[in-house]
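Colleague: Pasting a structure below so you can have a look.
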């Protein structure tokens with residue numbers, strides 16, 4: 009597909025979302041992404057769709073790795089694939105360790121998010137797909153929550169009911185990443201140079217990606233003494249809201265995002281315990297699942 013020698017292949021250990029490998033070519037490095045073996049090519053496993061939308065967004069100037077090659081045919085280990093450029097950038101942990109101010113990373117992430125949301129839907133690579141309404145968004149994560157371990161999700165129906173009762177008005181739909189947080193970004197000098205992992209991207213509501221950024225950053229850092237802070241940094245959740253211009257719908261979006269990640273963690277924990285997708289890291293997230301559900305209830309309480 010790329011008509012040049014492959015010198016080495018190594019698995020990338022970070023992350024839990026897919027089969028990703030460093031590919032050493034002549035004089036450059038690339039990244040290979042495959043779906044899991046023996047799965048239906050749909051949803052998060054739809055690698056050809058990810059390649060299509062990433063190529064479209066890269067062409068629109070969004071900092072997304074360029075797609076070097078892709079195929080919907082089962083040509084690599086009997087699976088479709090995409091091969092993308094390896095971007096020269098650092099993860100958030102290295103960026104902050106180098107002395108970059110967290111608010112600088114937040115501002116850059118919001119600026120990139122504005123560029124993403126400004127892309128005309130017809131130019132996203134998935135412009136033929138229907139926009140996901142908030143009712144559909146809630147139903148999507150409720151489906152996962154219902155399959156998570158029951159001992160962790162007893163209060164989830166209460167949160168779901170409050171989300172359904174207090175749903176804000178719909179806004180004009182935009183391109184959204186769906187998992188927009190610092191762990192899915194690469195930085196250079198505090199500036200976002202690549203947004204990665206487009207598995208659950210869709211056309212949807214603009215308030216959801218800023219809420220994702222706030223919730224996941226806070227959860228990753230943690231600061232019980234300052235519960236409003238993002239990741240224990242000198243950045244408040246309100247800063248993310250104001251920079252993103254998210255307005256009155258933001259508390260509801262935060263609550264939905266807590267529900268969403270509790271559902272994802274719980275569902276993946278179920279898959280791990282049943283041996284369908286072993287990943288012991290999810291056993292360490294039981295307290296997070298409980299806490300996220302309680303956080304969401306408190307926001308709407």
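In this note's numbering, the protein residues as written are 9 to 309.
Ideal placement from N, C-alpha and C gives every residue a C-beta, glycine not left out.
In this text, all values refer to a predicted model and were calculated from it rather than measured experimentally.
From residue 97 to residue 45, what distance separates their C-alpha atoms?
Modeller: Numbered from its first residue, the chain shown carries residue 97 at position 89. Numbered from its first residue, the chain shown carries residue 45 at position 37. Between residue 97 and residue 45, the C-alpha separation is close to 29 Å.
Colleague: Hey, out of 220, 156 and 180, whose CA is closest to residue 273's CA?
Modeller: Translated into positions along the chain shown, residue 273 becomes position 265. The option with the nearest alpha carbon to residue 273 is 156.
Colleague: By Cβ distance below 8 Å, which residues in the same chain neighbour residue 43 in space, the five residues on each side in sequence not counted?
Modeller: The count along the chain shown starts at 1 and reaches residue 43 at position 35. Excluding positions up to five away in sequence, the list reads 26, 27, 49, 53, 54, 55, 87 and 88.
Colleague: Rounding to the nearest angstrom, what Cα-Cα distance links residue 299 and residue 189 in this structure?
Modeller: Numbered from 1 along the chain shown, position 291 holds the residue referred to as residue 299. Numbered from 1 along the chain shown, position 181 holds the residue referred to as residue 189. Those two C-alpha atoms are separated by around 19 Å.
Colleague: In angstroms, rounded to a whole number, what distance separates the CA positions of residue 128 and residue 213?
Modeller: Numbered from its first residue, the chain shown carries residue 128 at position 120. Numbered from its first residue, the chain shown carries residue 213 at position 205. If I take the Cα positions, the gap works out to 14 Å.
Colleague: Scan the region 15 to 45 and note each continuous beta strand (DSSP E) run of 3 residues or more that stays entirely inside, going in chain order.
Modeller: Listed in chain order, the complete beta strand (DSSP E) runs (minimum 3 residues) inside the region 15 to 45 are 27 to 33 and 36 to 42.
Colleague: According to DSSP, simplified to helix, strand and coil, what is residue 237?
Modeller: Here residue 237 refers to the residue found at position 229 when the chain shown is read from its first residue. Bear in mind that a pLDDT of 48 at residue 237, under 50, signals an unreliable position, so the model cannot answer this.
Colleague: Quick one: give me the first and last residue of the alpha helix (DSSP H) that residue 212 is part of.
Modeller: Reading the chain shown from its first residue, position 204 is the one you call residue 212. Careful: residue 212 lies outside any alpha helix (DSSP H), inside the beta strand (DSSP E) at 210 to 212.
Colleague: Mind reading off the beta-carbon distance from residue 266 to residue 152? Whole number of angstroms is fine, and I expect it under 8 Å.
Modeller: As a position in the chain shown, residue 266 is number 258, starting the count at 1. As a position in the chain shown, residue 152 is number 144, starting the count at 1. The Cβ separation is near 14 Å, so there is no contact.
Colleague: Report the option in 84, 173 and 203 whose CA atom is closest to the CA atom of residue 142.
Modeller: Mapped onto the chain shown, residue 142 falls at position 134. Minimum Cα distance to residue 142 is reached at 173.
Colleague: Between the region 203 to 221 and the region 293 to 308, do three or more beta carbon pairs fall short of 8 Å?
Modeller: Because the criterion of three Cβ pairs below 8 Å is not met, the region 203 to 221 and the region 293 to 308 do not touch.
Colleague: Under the DSSP definition of a beta bridge, which residues are partnered with residue 268?
Modeller: By 1-based counting over the chain shown, the position of residue 268 is 260. For residue 268, which the question treats as bridged, DSSP gives no partner whatsoever.
Colleague: Ends of the beta strand (DSSP E) at residue 81?
Modeller: Within the chain shown, numbered from 1, the residue matching residue 81 stands at position 73. Segment 75 to 84, the beta strand (DSSP E) holding residue 81.
Colleague: How big is the Cα-Cα spacing for residue 291 and residue 20?
Modeller: Position 283 of the chain shown, counted from the first residue, corresponds to residue 291. Position 12 of the chain shown, counted from the first residue, corresponds to residue 20. Taking the straight line from one Cα to the other gives about 22 Å.
Colleague: Determine the burial state of residue 284: buried for a count of at least 16 other Cβ atoms within 10 Å of its Cβ, exposed for fewer.
Modeller: Your numbering for residue 284 matches position 276 in the chain shown. Result: exposed.
Colleague: Which residue's Cα is closest to the Cα of residue 120: 80, 296, 71 and 91?
Modeller: Here residue 120 refers to the residue found at position 112 when the chain shown is read from its first residue. Nearest C-alpha to residue 120: 71.
Colleague: What is the DSSP secondary structure of residue 288, counted as helix, strand or coil?
Modeller: Numbered from 1 along the chain shown, position 280 holds the residue referred to as residue 288. DSSP places residue 288 in helix when its eight states are reduced to three.
Colleague: Once you ignore the five residues that flank residue 139 on each side, which residues in its own chain have a CB closer than 7 Å to its CB?
Modeller: Numbered from 1 along the chain shown, position 131 holds the residue referred to as residue 139. Within the same chain, residue 139 has close Cβ partners 181, 211 and 212.
Colleague: Do residue 103 and residue 198 come within 8 Å of each other at the CB atom, strictly closer than that value?
Modeller: For the purposes of this step, residue 198 is taken as residue 190 along the chain shown, with counting starting at 1. For the purposes of this step, residue 103 is taken as residue 95 along the chain shown, with counting starting at 1. Going by C-beta atoms, residue 198 is nearer than 8 Å to residue 103.
Colleague: If you follow the beta strand (DSSP E) that residue 61 is part of, which residue opens it and which one closes it?
Modeller: Along the chain shown, one-based indexing puts residue 61 at 53. Looking at the DSSP string, residue 61 is not in any beta strand (DSSP E); the run it does join, the alpha helix (DSSP H), is 55 to 67.
Colleague: Across which residues does DSSP place residue 200 in a beta bridge pair?
Modeller: Walking along the chain shown from the start, residue 200 turns up at place 192. Paired residue(s): 195.
Colleague: The alpha helix (DSSP H) with residue 110 in it runs from where to where?
Modeller: Stepping through the chain shown from its first residue, residue 110 is reached at position 102. Note, residue 110: alpha helix (DSSP H), 110 to 126.
Colleague: In angstroms, rounded to a whole number, what distance separates the CA positions of residue 82 and residue 90?
Modeller: Mapped onto the chain shown, residue 82 falls at position 74. Mapped onto the chain shown, residue 90 falls at position 82. Cα-Cα distance, rounded: 11 Å.
Colleague: Distance check for residue 67 and residue 47, CA to CA, integer angstroms please.
Modeller: Working through the chain shown from its first residue, we reach residue 47 at position 39. Working through the chain shown from its first residue, we reach residue 67 at position 59. Distance between the alpha carbons of residue 47 and residue 67 is about 30 Å.
Colleague: Determine the direct distance from the alpha carbon of residue 144 to that of residue 16, and round the result to whole angstroms.
Modeller: As a working mapping, residue 16 is identified with position 8 in the chain shown. As a working mapping, residue 144 is identified with position 136 in the chain shown. Rounded to the nearest angstrom, the two C-alpha atoms are 43 Å apart.
Colleague: Take residue 176 as the anchor and find which of 263, 39 and 40 has the nearest alpha-carbon.
Modeller: Numbered from its first residue, the chain shown carries residue 176 at position 168. Nearest option by C-alpha distance: 263.
Colleague: Are the beta-carbon atoms of residue 247 and residue 114 separated by less than 8 Å?
Modeller: For the purposes of this step, residue 247 is identified with residue 239 of the chain shown, where counting begins at 1. For the purposes of this step, residue 114 is identified with residue 106 of the chain shown, where counting begins at 1. Yes, these two residues count as a Cβ contact at 8 Å.
Colleague: Excluding the 5 residues flanking residue 33 on each side, which residues of the same chain have their C-beta closer than 6 Å to its C-beta?
Modeller: Residue 33 sits at position 25 when you count from the first residue of the chain shown. Closer than 6 Å at Cβ, skipping near neighbours: 12.
Colleague: Can you tell me which residues form a DSSP beta bridge with residue 93?
Modeller: Position 85 of the chain shown, counting from 1, holds the residue named residue 93. In the DSSP output, where bridge partners are listed per residue, residue 93 has 38.
Colleague: Around the Cβ of residue 5, are there at least 16 other Cβ atoms within 10 angstroms (buried) or fewer (exposed)?
Modeller: In the structure as shown, the chain starts at 9 and stops at 309, and residue 5 therefore has no counterpart that could be examined.
Colleague: Could you compute how far the alpha carbon of residue 158 sits from the alpha carbon of residue 165?
Modeller: Within the chain shown, numbered from 1, the residue matching residue 158 stands at position 150. Within the chain shown, numbered from 1, the residue matching residue 165 stands at position 157. Roughly 11 Å separates the two Cα atoms.
Colleague: At the level of alpha carbons, what is the spacing between residue 279 and residue 286?
Modeller: As a working note, residue 279 is residue 271 in the chain shown. As a working note, residue 286 is residue 278 in the chain shown. So the two alpha carbons sit approximately 7 Å from each other.
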